[in-house]
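Taking this note's numbering, the leading residue of the sequence shown gets 14, the next gets one more, and so forth. One structure is given here, and the rest of the page talks about it.
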Amino acid sequence: MADNLRKIYLMNAIFIISLISSQVQSAEIKQSQETYFTEANTVLDKKLNQKPITSPAKNIILFIGDGMGISTVTATRILDGQLKGHTGEENILSWETFPYTALAKTYSSNQQISDSAGTASAILSGSKTKEGFIGINQSVERGDCKGSQNNHLDSFLELSEKAGLNTGIITTTRITHATPAAAYAHSSERDWENDADIPDEVKQQGCTDIAQQFVDFSVGNGIEVAFGGGRGNFLPENKGGMRTDGRDLIKTWKNRYKDGQYITNTKDLNDLSTDDKGPVLGLFNNNHMEFDALRSKDADGEPSLAQMTGKALQILQKKDGGYFLYIEAGRIDHGHHRGNAYRALHDGIALAEAVKVAKEMTKNDDTLIIVTADHSHGFVMTGYATRGNPILGKMRENDNQGNAEKENALGLDDMPYTTLGYYNGQGAEINKGRTDLTHIDTEAKNFIQQAVVPLENESHGGEDVAIYADGPDAYLFQGVVEQNYIFHVLYHALRLEKKLKK
Ligand SMILES: [Zn+2]
């Protein structure tokens with residue numbers, strides 16, 4: 014009898030539980046047919062099925078958007094969407110589909126808000142160091158040549174070469190500029206890009222300029238592909254360069270690599286042989302490469318970041334073994350320094366196109382792709398702009414019914430203002446109030462956004478930047494991390510320790 018009672022209780026309990034769960038299932042959430050609701054729910058389903066790839070990476074592609082803080086990413090996303098004819102806010106940049114993200118703290122060992130030398134050295138060496146340092150540890154002073162000689166940091170590119178991998182560097186700046194230089198050079202002063210930049214007593218102490226170090230690089234079998242600007246740092250004055258030691262380092266490079274290919278424009282890049290031959294050096298401008306928005310797109314002009322990325326991958330993928338490709342969209346930073354969001358954001362879009370190419374040309378299960386920034390900028394996106402308001406335009410708000418106003422919003426000074434602006438830089442004038450923007454086209458190529466503090470150069474921002482990652486070990490990017498942590502994931506993902514022991 015007791016057994017039967019127990020059975021009845023049990024049946025009742027099961028009945029009640031199933032009743033409750035079916036109530037939950039059929040619970041009508043009023044907004045469940047809203048598109049925003051269903052789309053977010055689809056993302057949840059995808060996330061629930063997402064499995065981290067824990068097998069080793071064969072290849073790594075590391076993209077740096079120089080100065081690409083989160084406000085820059087958002088504004089780039091909107092501009093890209095608007096250029097495609099949409100409202101923009103809903104747009105997705107190529108790296109924004111990556112499943113894993115983290116925030117990186119970008120301060121350097123001696124500075125709250127850092128430059129690109131300290132941050133690039135941190136990303137590539139696994140240890141923070143001082144502002145202005147290229148691959149030198151924090152124990153010496155800036156500009157100390159002697160002290161720097163025994164205080165090098167191994168870069169991830171050097172370690173990759175030591176481990177027998179193929180390597181590549183792409184940048185839209187001079188190849189001797191801070192971010193790319195941190196991959197192959199060691200200097201206690203980032204500005205020593207050619208011999209004319211170095212004081213005589215430093216030369217006598219045996220420190221060489223960064224262009225010279227690029228040509229002398231002799232770790233592993235050397236850098237397989239290098240594309241960027243900065244030809245002038247390799248050439249003597251009588252050949253249109255800036256060197257005062259009379260050296261033609263391009264000639265030196267050609268003599269060193271008899272099977273190498275040296276190129277200078279888009280046509281050369283297109284005609285380049287991607288067969289497994291010697292290294293490739295492309296120097297497409299005497300100085301930095303042109304901003305993407307101003308770039309000459311014909312055959313004798315400069316290739317886009319996406320074109321350089323595609324070609325470098327074709328070359329590296331034909332070689333035996335894995336590769337480490339380090340790519341910098343370096344002029345986002347320069348657009349911002351000028352206080353010109355137009356240039357900065359168009360270079361951001363060029364980066365998104367390059368990441369798209371990299372994604373399409375690689376396999377998710379063997380290539381770790383990371384997109385991050387070295388530091389942010391004093392760049393803000395603010396106000397109560399209506400949906401779809403041109404991101405480079407003047408502020409237009411919504412009215413009391415929530416519909417777009419026809420007129421621009423005005424400040425207390427009765428003048429219109431833009432959504433985008435800078436805290437400091439050229440957009441502020443000494444002892445002068447704001448310019449009236451009523452008859453000024455703020456979406457024009459050369460418009461300088463308004464700022465508060467007048468400075469010749471708008472400056473870097475100190476808040477965290479994002480890390481976006483996809484592929485093997487991408488899941489290790491979670492939470493808030495120190496920027497130098499990036500190296501440690503790269504090192505683990507390639508299982509470099511094992512490869513270096515061989
Ligand atoms: Zn900068």
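Backbone N, C-alpha and C define an ideal beta-carbon position, used for all residues, glycine too.
In three-state terms, what does DSSP make of residue i?
{"i": "glutamine 124", "result": "strand"}
{"i": "alanine 79", "result": "The identity of residue 79 in the sequence shown is aspartate, whereas the question assumes alanine. Looking at aspartate 79 - three-state DSSP - the assignment turns out to be coil, as it is neither helix nor strand."}
{"i": "leucine 513", "result": "helix"}
{"i": "histidine 190", "result": "coil"}
{"i": "isoleucine 404", "result": "coil"}
{"i": "lysine 175", "result": "helix"}
{"i": "leucine 294", "result": "strand"}
{"i": "histidine 452", "result": "coil"}
{"i": "alanine 342", "result": "strand"}
{"i": "valine 494", "result": "strand"}
{"i": "methionine 14", "result": "Below a pLDDT of 50, predicted positions are generally treated as unreliable, and methionine 14, at 46, falls in that range; no measurement from the model is reported."}
{"i": "glycine 474", "result": "strand"}
{"i": "methionine 256", "result": "Checking the sequence, you will find arginine at residue 256 rather than methionine. Arginine 256 falls in the strand class under three-state DSSP."}
{"i": "histidine 301", "result": "coil"}
{"i": "leucine 106", "result": "coil"}
{"i": "lysine 118", "result": "strand"}
{"i": "phenylalanine 392", "result": "strand"}
{"i": "valine 153", "result": "coil"}
{"i": "leucine 32", "result": "Its pLDDT being 49, under 50, leucine 32 is placed unreliably by the model, and the measurement read from it follows with that caveat. Note: leucine 32 maps to helix in three-state DSSP."}
{"i": "tyrosine 270", "result": "coil"}
{"i": "valine 502", "result": "helix"}
{"i": "glutamine 38", "result": "The pLDDT assigned to glutamine 38 is 46, lower than 50, so where the model puts this residue is not dependable; a value taken from the coordinates is nonetheless given after this. Glutamine 38: helix per DSSP, three-state reduction."}
Give me the Cβ distance between residue i and residue j, rounded to the nearest whole Å; I'm assuming they're in contact under 8 angstroms.
{"i": "serine 121", "j": "alanine 135", "result": "7 angstroms"}
{"i": "glycine 12", "j": "glycine 245", "result": "Since the displayed the chain opens at 14 and closes at 515, residue 12 lies outside it and no answer follows."}
{"i": "histidine 388", "j": "glycine 80", "result": "6 angstroms"}
{"i": "alanine 7", "j": "glutamine 496", "result": "Nothing can be reported for residue 7: it is not among the residues displayed for the chain, which extend from 14 to 515."}
{"i": "glutamate 303", "j": "isoleucine 77", "result": "Not a contact, Cβ separation roughly 19 angstroms."}
{"i": "leucine 92", "j": "glycine 101", "result": "7 angstroms"}
{"i": "threonine 287", "j": "isoleucine 236", "result": "That belief does not hold up - the Cβ atoms of threonine 287 and isoleucine 236 are roughly 16 angstroms apart, past 8 angstroms."}
{"i": "glycine 295", "j": "valine 370", "result": "16 angstroms between Cβ atoms; not a contact."}
{"i": "lysine 97", "j": "alanine 306", "result": "Not a contact, Cβ separation roughly 16 angstroms."}
{"i": "glutamate 456", "j": "leucine 425", "result": "Going by Cβ atoms, the distance from glutamate 456 to leucine 425 rounds to 24 angstroms, so no, they are not a contact pair."}
Name the residue from the options whose alpha carbon lies nearest to the alpha carbon of residue i.
{"i": "threonine 257", "options": "Trp266, Lys264, Thr265, Phe247", "result": "Phe247"}
{"i": "isoleucine 149", "options": "Lys372, Asp229, Ala196", "result": "Ala196"}
{"i": "alanine 115", "options": "Ala367, Lys331, Ile383, Ala365", "result": "Ile383"}
{"i": "arginine 155", "options": "His165, Glu144, Gln162", "result": "Glu144"}
{"i": "aspartate 128", "options": "Asp486, Tyr355, Ser472", "result": "Ser472"}
{"i": "leucine 507", "options": "Asn411, Thr55, Asn72", "result": "Asn72"}
{"i": "lysine 332", "options": "Ser317, Asn402, Val238, Asn104", "result": "Val238"}
{"i": "lysine 141", "options": "Ile499, Glu47, His505, Arg269", "result": "Ile499"}
{"i": "glycine 474", "options": "Gly391, Ile345, Ala312, Ile404", "result": "Gly391"}
{"i": "proline 65", "options": "Met374, Asp378, Thr399", "result": "Asp378"}
{"i": "asparagine 402", "options": "Ser84, Val86, His99, Ser68", "result": "His99"}
{"i": "proline 292", "options": "Val228, Ala312, Ala306, Asn299", "result": "Val228"}
{"i": "asparagine 283", "options": "Lys310, Asn300, Asn299", "result": "Lys310"}
{"i": "proline 485", "options": "Glu52, Ala70, Ile42", "result": "Ala70"}
{"i": "asparagine 123", "options": "Thr110, Phe146, Thr87", "result": "Phe146"}
{"i": "glutamine 217", "options": "Cys158, Ser168, Phe230, Pro193", "result": "Cys158"}
{"i": "methionine 321", "options": "Arg344, Phe169, Ser173, Gly181", "result": "Gly181"}
{"i": "threonine 451", "options": "Val466, Thr189, Asp427", "result": "Asp427"}
{"i": "histidine 190", "options": "Lys445, Ser138, Ile105, Ala130", "result": "Ala130"}
{"i": "serine 200", "options": "Leu405, Leu137, Thr399, Leu166", "result": "Leu166"}
{"i": "lysine 372", "options": "Val56, Ser107, Thr89, Leu61", "result": "Ser107"}
{"i": "isoleucine 188", "options": "Pro249, Gln226, Glu420, Lys290", "result": "Gln226"}
{"i": "threonine 85", "options": "Gly348, Ile276, Ser173", "result": "Gly348"}
Residues in its own chain within less than 7 angstroms of residue i by CB, not counting five upstream and five downstream?
{"i": "asparagine 470", "result": "His350, Gly438"}
{"i": "leucine 178", "result": "Gly334, Gly335, Tyr336, Phe337"}
{"i": "proline 112", "result": "Gln63, Asp483, Ala487"}
{"i": "aspartate 222", "result": "Trp205, Glu206, Asn207, Asp208, Asp210, Ile211"}
{"i": "glutamate 202", "result": "Gly145, Arg155, Gly156"}
{"i": "asparagine 298", "result": "Gly242, Arg244, Glu315"}
{"i": "valine 215", "result": "Cys158"}
Could you pull out every residue in the same chain whose Cβ sits closer than 6 angstroms to the Cβ of residue i, ignoring the five residues on either side in sequence?
{"i": "serine 34", "result": "At serine 34 the pLDDT is 46, less than 50, meaning the model places this residue with poor confidence; the figure from the coordinates comes in the next sentence. Excluding positions up to five away in sequence, the list is empty."}
{"i": "glutamine 491", "result": "Ala115"}
{"i": "lysine 515", "result": "none"}
{"i": "lysine 512", "result": "Ala176"}
{"i": "glutamine 44", "result": "Phe50"}
{"i": "threonine 279", "result": "Ala312, Gly314, Pro316"}
{"i": "cysteine 220", "result": "Cys158"}
{"i": "glutamate 109", "result": "none"}
{"i": "aspartate 449", "result": "Met428"}
{"i": "phenylalanine 240", "result": "Ile183, Gly295, Met321"}
{"i": "glutamate 171", "result": "Val232"}
Who are the Cβ neighbours of residue i in its own chain at under 8 angstroms, not counting the five residues just before and after it?
{"i": "glycine 352", "result": "Tyr435, Gly438, Gln439, Gly440, Ile461, Gln462, Ala464, Glu471"}
{"i": "tyrosine 397", "result": "Met408, Glu410, Asn411, Ala422"}
Which residues have a Cβ closer than 6 angstroms to any heavy atom of ligand 1, listed in chain order? Gly80, Ser129, Asp346, His350, His473
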